[in-house]
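One line per chain: the protein sequences are A and B, in this order.
Here the first sequence is numbered in my numbering, starting from 28 and rising by one per residue.
Here the second sequence is numbered in my numbering, starting from 20 and rising by one per residue.
For every residue, glycine included, the Cβ atom is placed at its ideal position computed from N, Cα and C.
Nothing here was measured: the structure is a model prediction, and the numbers come from that model.
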Amino acid sequence: MKKLLSGNEAIGYGAYLAGCGYGVGYPGTPSTEILQSYSTYPGVHAEWATNEKVALDVATGISYAGERVFCTMKHVGLNVAADSLFSIVFTGPRGGLVVAVADDPGMHSSQNEQDTRQYGRFAKLPVVEPGDSAEGAEFMRAAFELSEQFKTPVIMRSVTRLSHSRTPLEVMDELVPLHAAHETVKYDRAPSQQIPLPMNARRMHREVEQKMLDISAWAEDCELNRIEPGGSRLGIVASGIAYQYAREVFPDATFLKLGLAYPLPNDLFHTLAGMVDQVVVVEELDPIYEHNIRLLGIPARGKDIFPLCGEFSTELVREHALAAGLIEARVPVSTSGAPIVINGLPEDAAAAVSGGAGDAGDTAGDGNGNGGGDLALLDPATLPGRPPMLCPGCAHRPIFYVLQRLRAMVFGDIGCYTLGAAPPLNATHTCGAMGAGIGVVHGTDLVGVKDRTVAVIGDSTFFHGGLPPLVNIAYNKGVSTVIVLDNRITAMTGHQANPGTGHTMMGEESPTVSIEAVARAFGFSKVDTLDPYDLDEVRRVLKDHLDSTEPSVVVARYNCVLQTKERNAAPHVDLELCNNCGTCLNIGCAPIINRGDHVEIDDILCNGCDYCVTVCPRDAIVSNRTDGGEE
Amino acid sequence: MALEKIDFVLAGVGGQGTILASDILVEVGLEAGYDVKKSEVHGMAQRGGGVESQVRWGEKVYSATVEKGEVDFLLGFEMLEVARWIDFLKPGGDVIVNRYRIPPPPVNMGVAKYPDESEIQRLLLTRAGRLVWVGATDVARELGNAALSGVVLLGVLASDLGMEHDLWLGVIERLVPERFVALNREAFSRGTAIGAEMLV
Ligand SMILES: Cc1ncc(C[n+]2csc(CCOP(=O)(O)OP(=O)(O)O)c2C)c(N)n1
Numbered sequence: 028m029k030k031l032l033s034g035n036e037a038i039g040y041g042a043y044l045a046g047c048g049y050g051v052g053y054p055g056t057p058s059t060e061i062l063q064s065y066s067t068y069p070g071v072h073a074e075w076a077t078n079e080k081v082a083l084d085v086a087t088g089i090s091y092a093g094e095r096v097f098c099t100m101k102h103v104g105l106n107v108a109a110d111s112l113f114s115i116v117f118t119g120p121r122g123g124l125v126v127a128v129a130d131d132p133g134m135h136s137s138q139n140e141q142d143t144r145q146y147g148r149f150a151k152l153p154v155v156e157p158g159d160s161a162e163g164a165e166f167m168r169a170a171f172e173l174s175e176q177f178k179t180p181v182i183m184r185s186v187t188r189l190s191h192s193r194t195p196l197e198v199m200d201e202l203v204p205l206h207a208a209h210e211t212v213k214y215d216r217a218p219s220q221q222i223p224l225p226m227n228a229r230r231m232h233r234e235v236e237q238k239m240l241d242i243s244a245w246a247e248d249c250e251l252n253r254i255e256p257g258g259s260r261l262g263i264v265a266s267g268i269a270y271q272y273a274r275e276v277f278p279d280a281t282f283l284k285l286g287l288a289y290p291l292p293n294d295l296f297h298t299l300a301g302m303v304d305q306v307v308v309v310e311e312l313d314p315i316y317e318h319n320i321r322l323l324g325i326p327a328r329g330k331d332i333f334p335l336c337g338e339f340s341t342e343l344v345r346e347h348a349l350a351a352g353l354i355e356a357r358v359p360v361s362t363s364g365a366p367i368v369i370n371g372l373p374e375d376a377a378a379a380v381s382g383g384a385g386d387a388g389d390t391a392g393d394g395n396g397n398g399g400g401d402l403a404l405l406d407p408a409t410l411p412g413r414p415p416m417l418c419p420g421c422a423h424r425p426i427f428y429v430l431q432r433l434r435a436m437v438f439g440d441i442g443c444y445t446l447g448a449a450p451p452l453n454a455t456h457t458c459g460a461m462g463a464g465i466g467v468v469h470g471t472d473l474v475g476v477k478d479r480t481v482a483v484i485g486d487s488t489f490f491h492g493g494l495p496p497l498v499n500i501a502y503n504k505g506v507s508t509v510i511v512l513d514n515r516i517t518a519m520t521g522h523q524a525n526p527g528t529g530h531t532m533m534g535e536e537s538p539t540v541s542i543e544a545v546a547r548a549f550g551f552s553k554v555d556t557l558d559p560y561d562l563d564e565v566r567r568v569l570k571d572h573l574d575s576t577e578p579s580v581v582v583a584r585y586n587c588v589l590q591t592k593e594r595n596a597a598p599h600v601d602l603e604l605c606n607n608c609g610t611c612l613n614i615g616c617a618p619i620i621n622r623g624d625h626v627e628i629d630d631i632l633c634n635g636c637d638y639c640v641t642v643c644p645r646d647a648i649v650s651n652r653t654d655g656g657e658e
Numbered sequence: 020m021a022l023e024k025i026d027f028v029l030a031g032v033g034g035q036g037t038i039l040a041s042d043i044l045v046e047v048g049l050e051a052g053y054d055v056k057k058s059e060v061h062g063m064a065q066r067g068g069g070v071e072s073q074v075r076w077g078e079k080v081y082s083a084t085v086e087k088g089e090v091d092f093l094l095g096f097e098m099l100e101v102a103r104w105i106d107f108l109k110p111g112g113d114v115i116v117n118r119y120r121i122p123p124p125p126v127n128m129g130v131a132k133y134p135d136e137s138e139i140q141r142l143l144l145t146r147a148g149r150l151v152w153v154g155a156t157d158v159a160r161e162l163g164n165a166a167l168s169g170v171v172l173l174g175v176l177a178s179d180l181g182m183e184h185d186l187w188l189g190v191i192e193r194l195v196p197e198r199f200v201a202l203n204r205e206a207f208s209r210g211t212a213i214g215a216e217m218l219v
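What follows is the structure, encoded as structure tokens:
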């Protein structure tokens, strides 16, 4: 049956198709749905690990025990897991081991842009890169075979546009359950292959280099790479999503489509060069193929034409190809006749849209803004933006609101709560890699920074990378305060369970870790728990902690309302009382709309948390909650 | 005969239902025999941020993302969001826009102004061949659920495309939870009715 799957769903499906019985990962956009999709297939076992390194270590154990396993993470997650990755490259897996990594060119939801293909050369392992969902599923199988044939882990690289695009593939009508081996398994001990002590590791390094040579020879005629013959003027080298853009822009060129992004097939590059006048490499982010091809003495072009930074698109490839003279400009489409405006609105609204200035036809007039009224034509590039902000009903908001009022210096971290930095809250002042905030605040405290410094971290981030720096504060006699914003879920990436949630990825009940107990066990004696919506309590406790010289932990606990689907009636504004003083607008909540002399609440977007009711100094926002919520 | 390519962009605000609407559009394309691809980026800001879905139908589609100046249909769930995409419309393409405004944070903070409808109309008409104004959210509210506005817009689009309504209804029935099917059918027919009246 033909179905549209996202790239992520297809990779998860491909793992199942390959008979891989285990998946371990840590969430991260744009990779998250890979493991989520995989976990839905019959007979598989999937786990969210506490971080990517843990995930890869668990995967290593599964592989060492002889089973196929795959591991999922976003690009920066691979940095966290890199130490373990380099290690398993040396020792080699037993059961096939594939690490599925999704990059985020354009940084739609990441703190940096990095090109995971570089890990191929750096860590010395093959990197496979599909170009659509069908290849996502198919290449998974190839990746497992490659892993077992050459005894190496393999990276499966995706990017946002592949992970989140839906493209068609044939899927099985009926799913056969996998049988993960749950009976007792005897470990095949091989310390000389699994302990990289120098005497072993020196041998392993030579073996790894030989494997890379063997795989590049294999790459010359493997099914992952192919030449698509076309015209003799241009030879395009591309892989993954960039191949799709290039296909749109150069319909008549000869293509070398790479499915194996590392190691590279040198003979195929020479073959391509022999077929065409000019080789051009279209690759998003780093010039990896280009450099390799140039080292072969082939005068390929690439980054002199296409940008190094940011995400590609068909139009970006077209614009740059045009500027470089590789293609000709397309004939502009000419429109016939004046535009037609069809008004399906009630009369008063209909008048508003046409501005009452003549009929709409001549409003469009010359298209230069000289047709209707005296206002200049809007420029789409300068329209007011709609930057991300904390969701309506988010319980992170009250904490940031009070921190802002207290003028605290906030060392933030990564999660939904990074948006505490967004205007109008402007309540966060730094943000680094996951878990960094707690280490950073301790560093500033050591130097003597005293302006109400505090680290703020989410629950999932706390379990991911917050534990070592927290114990470090206690051990090194630090004085910092750490606030854990505990919404009991990994919200930012779409609500994945974590050790505070109470169940596993497979839906089994599991122990809930008490963050307060962890802090006490680490040596913190000043530990408090807060309900974020209790404004007076939040003010009192935060002030107390920020002004104290004792190291301390505050846990602000409220379940993510998108997760629990908690929703209440939106409050309304009493127009007699509201004087648009701006207080509620300062909490940064999208449904609160500034109408000039009063505010209004959009009842479609509003979640009914009533925090605006709480902060309004004139009692002008009136609760409509029936549960006796905030007054 | 080769199928002609049709590109769609659906633009709105997170929580307005653009994703469901684009899922429906995808399935309708598949059933009509097209090669179909869809792209959307999600991540930050689950609610209240700008969201967009791109759907491409064609004989053979390579890129899942649309190209500037090539889009055949712009479907605006919110006026400001559709205005942002105008450069993507091919000259003479169709714009179907819900007359509904959700002022973004800079407007609420008083550092930017939400353009008037007439200004938005003038901008859209610099490229649109046909501009259809619909009060989709008002219709949806009448039906008792503002989240239905996307399906109302799809109804208008279906009339505009001149495709079998049953094809759409079949897909809606498959994709929507059972207890909402009747309401969604109603929303769709309200859209097709508006479309039929206006697009003759
Ligand atoms: C190394 C790394 N892995 C994964 C991510 C993706 N990511 C960003 S924030 C986050 C966790 C957010 O959860 P939590 O800390 O509970 O905060 P919330 O979003 O719920 O407020 C994840 C997994 C990342 N940025 N870096």
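Practice task
Could you list which residues in chain A have their beta carbon closer than 8 Å to that of residue 87/B, in chain order?
Solution key: Looking up residue 87/B in the second sequence gives position 68. Simply 342.
Handout entry: Buried or exposed by the 16-neighbour rule on C-beta atoms within 10 Å, applied to residue 662/A
Key = Residue 662/A lies beyond the range of chain A shown here (28 to 658); nothing can be said about it.
Handout entry: Whether residue 254/A touches residue 295/A by CB criterion (8 Å)
Key = Along the first sequence, read from residue 1 onward, the residue named residue 254/A stands at position 227. Along the first sequence, read from residue 1 onward, the residue named residue 295/A stands at position 268. For residue 254/A and residue 295/A, yes; Cβs fall inside 8 Å.
Exercise for the section: Decide if the region 92-102 of chain A is in contact with the region 198-218 of chain A; the criterion is three or more beta carbon pairs, one per stretch, under 8 Å apart. Expected result: Cβ pair count under 8 Å is three or more, so yes.
Practice task
Can you say whether residue 109/B is buried or exposed, counting buried as having 16 or more other CB atoms within 10 angstroms of its CB?
Solution key: As a working note, residue 109/B is residue 90 in the second sequence. By the neighbour-count rule (16 or more Cβ atoms within 10 Å), residue 109/B is buried.
Problem - ligand 1 heavy atom lying under 7 Å from the CB of residue 616/A - result: For the purposes of this step, residue 616/A is taken as the residue at position 589 of the first sequence. Residue 616/A: no, Cβ never under 7 Å from ligand 1.
Handout entry: As assigned by DSSP and simplified to three states, the class of residue 390/A
Key = Residue numbering aside, residue 390/A sits at position 363 when the first sequence is read from its first letter. Interpretation of residue 390/A is limited by its pLDDT of 38, a score under 50 that renders its predicted location unreliable; the figure taken from the coordinates is listed afterwards. If DSSP states are grouped into helix, strand and coil, residue 390/A belongs with the helices.
Practice task
Using a Cβ-Cβ cut-off of 8 Å, state whether residue 135/A counts as contacting chain B.
Solution key: Residue numbering aside, residue 135/A sits at position 108 when the first sequence is read from its first letter. By this cut-off, residue 135/A is an interface position.
Handout entry: Beta-carbon separation (whole angstroms), residue 579/A vs residue 551/A, contact threshold 8 Å
Key = Translated into positions along the first sequence, residue 579/A becomes position 552. Translated into positions along the first sequence, residue 551/A becomes position 524. Yes, residue 579/A and residue 551/A are in contact; Cβ-Cβ is about 6 Å, under 8 Å.
Exercise for the section: Would you mind working out which of 530/A, 196/A, 584/A, 403/A sits nearest residue 555/A, comparing C-alpha positions? Expected result: The count along the first sequence starts at 1 and reaches residue 555/A at position 528. Nearest option by C-alpha distance: 584/A.
Problem - Helix, strand or coil at residue 245/A according to DSSP, with G and I counted as helix - result: As a first step, residue 245/A is located in the first sequence; it is residue number 218 there, counting from the start. Reduced to three states, the DSSP call for residue 245/A is helix.
Practice task
Please confirm whether any heavy atom of ligand 1 lies closer than 7 Å to the CB of residue 488/A.
Solution key: Taking the first residue of the first sequence as position 1, residue 488/A is located at position 461. It does: the Cβ of residue 488/A is within 7 Å (strictly closer) of some heavy atom of ligand 1.
Handout entry: 6 Å CB neighbourhood of residue 21/A in its chain, flanking five on each side removed
Key = Residue 21/A lies beyond the range of chain A shown here (28 to 658); nothing can be said about it.
Handout entry: Residues of the region 23-34 of chain B whose Cβ lies closer than 9 Å to any Cβ of chain A, in chain order
Key = 32, 33, 34
Exercise for the section: Check whether the Cβ of residue 37/B lies closer than 8 Å to any Cβ atom in chain A. Expected result: One-based indexing of the second sequence puts residue 37/B at position 18. False, the Cβ-Cβ gap to chain A never drops below 8 Å.
Exercise for the section: Apply the 10 Å Cβ neighbour rule to residue 158/A and answer buried if 16 or more other Cβ atoms are within range, or exposed otherwise. Expected result: Taking the first sequence and counting its residues from 1, one reaches residue 158/A at position 131. That one is buried.
Exercise for the section: Can you grab the Cα-Cα spacing for the pair residue 163/A / residue 283/A, in whole Å? Expected result: One-based indexing of the first sequence puts residue 163/A at position 136. One-based indexing of the first sequence puts residue 283/A at position 256. The straight-line gap from Cα to Cα measures roughly 18 Å.
Problem - Residue burial classification, residue 172/A (beta-carbon count within 10 angstroms, cutoff 16) - result: On the first sequence, residue 172/A is found 145 positions in, with the first residue counted as 1. With fewer than 16 Cβ atoms within 10 Å of its Cβ, residue 172/A is classed as exposed.
Handout entry: Integer Cβ distance of residue 146/B from residue 112/B, believed to fall under 8 Å
Key = Here residue 146/B refers to the residue found at position 127 of the second sequence. Here residue 112/B refers to the residue found at position 93 of the second sequence. Right, their Cβ atoms sit about 7 Å apart.
Problem - Of the residues 115/A, 156/A, 618/A, 263/A, the one placed nearest residue 344/A, counting alpha carbons only - result: In the first sequence, the residue the question calls residue 344/A occupies position 317. Residue 344/A has its Cα closest to that of 263/A, out of 115/A, 156/A, 618/A, 263/A.
Practice task
Answer yes or no: the CB of residue 532/A versus the heavy atoms of ligand 1, is any distance below 7 Å?
Solution key: Stepping through the first sequence from its first residue, residue 532/A is reached at position 505. Result no, Cβ not under 7 Å from ligand 1.
Practice task
Report the rounded CA-to-CA distance for residue 360/A versus residue 27/B, giving the unit in angstroms.
Solution key: Within the first sequence, residue 360/A is the residue found at index 333, counting from 1. Within the second sequence, residue 27/B is the residue found at index 8, counting from 1. Here the alpha carbons of residue 27/B and residue 360/A stand approximately 18 Å from one another.
Handout entry: Proximal residues of chain B, C-beta to C-beta of residue 381/A below 7 Å
Key = On the first sequence, residue 381/A is found 354 positions in, with the first residue counted as 1. Within 7 Å Cβ-Cβ: 137, 140.
Handout entry: Chain-ordered neighbours of residue 362/A on chain B, where CB pairs are closer than 8 Å
Key = The residue you call residue 362/A lines up with position 335 of the first sequence. Result: 110, 111, 148.
Problem - Residues of the region 546-560 of chain A with Cβ closer than 7 Å to any Cβ of chain B, in chain order - result: none
Practice task
Keeping to the same chain, check which residues put their C-beta closer than 7 Å to that of residue 77/A; ignore five residues upstream and five downstream.
Solution key: Here the question's residue 77/A lines up with position 50 in the first sequence. Only 490, 491, 526 meet the Cβ criterion.
Exercise for the section: Tell me whether the beta-carbon of residue 29/B lies closer than 8 Å to the beta-carbon of residue 96/B. Expected result: Locating residue 29/B in the second sequence gives position 10, counting from the first residue. Locating residue 96/B in the second sequence gives position 77, counting from the first residue. Yes, the Cβ-Cβ distance between residue 29/B and residue 96/B is below 8 Å.
Problem - C-alpha distance - residue 29/A paired with residue 53/B, whole-angstrom precision - result: Locating residue 29/A in the first sequence gives position 2, counting from the first residue. Locating residue 53/B in the second sequence gives position 34, counting from the first residue. Each residue's alpha carbon lies about 12 Å from the other.
Practice task
Flag residue 520/A as yes when its Cβ comes closer than 7 Å to any non-hydrogen atom of ligand 1, and as no otherwise.
Solution key: Here residue 520/A refers to the residue found at position 493 when the first sequence is read from its first residue. True, at least one ligand heavy atom lies under 7 Å from that Cβ.
Practice task
Given a cut-off of 8 Å, decide if residue 120/B and residue 98/B are closer than it, judged by their beta-carbon atoms.
Solution key: Locating residue 98/B in the second sequence gives position 79, where the first residue counts as 1. Locating residue 120/B in the second sequence gives position 101, where the first residue counts as 1. If you check the CB distance, residue 98/B and residue 120/B come in under 8 Å.
Practice task
Measuring only between beta-carbons, confirm whether residue 165/A sits less than 8 Å from chain B.
Solution key: Here the question's residue 165/A lines up with position 138 in the first sequence. Residue 165/A does not count as touching chain B.
Exercise for the section: Give a yes or no on whether the C-beta atoms belonging to residue 438/A and residue 456/A are separated by under 8 Å. Expected result: Taking the first residue of the first sequence as position 1, residue 438/A is located at position 411. Taking the first residue of the first sequence as position 1, residue 456/A is located at position 429. Contact flag set, yes.
Practice task
Might you give, ordered along the chain, the residues of its own chain that have their beta carbon closer than 6 Å to the beta carbon of residue 428/A, omitting 5 neighbours on each side?
Solution key: Taking the first sequence and counting its residues from 1, one reaches residue 428/A at position 401. Correct list, in chain order: 614.
Problem - For residue 125/B, three-class secondary structure by DSSP - result: Along the second sequence, one-based indexing puts residue 125/B at 106. Residue state, collapsed to three classes: helix.
Problem - Beta-carbon contacts of residue 179/A that lie in its chain and below 6 Å, excluding the five residues immediately before and after - result: By 1-based counting over the first sequence, the position of residue 179/A is 152. If we look at residue 179/A and ignore the five residues flanking it on each side, its Cβ neighbours are 152, 238.
Practice task
Determine the direct distance from the alpha carbon of residue 43/A to that of residue 65/A, and round the result to whole angstroms.
Solution key: Numbered from its first residue, the first sequence carries residue 65/A at position 38. Numbered from its first residue, the first sequence carries residue 43/A at position 16. Roughly 7 Å between the two C-alpha positions.
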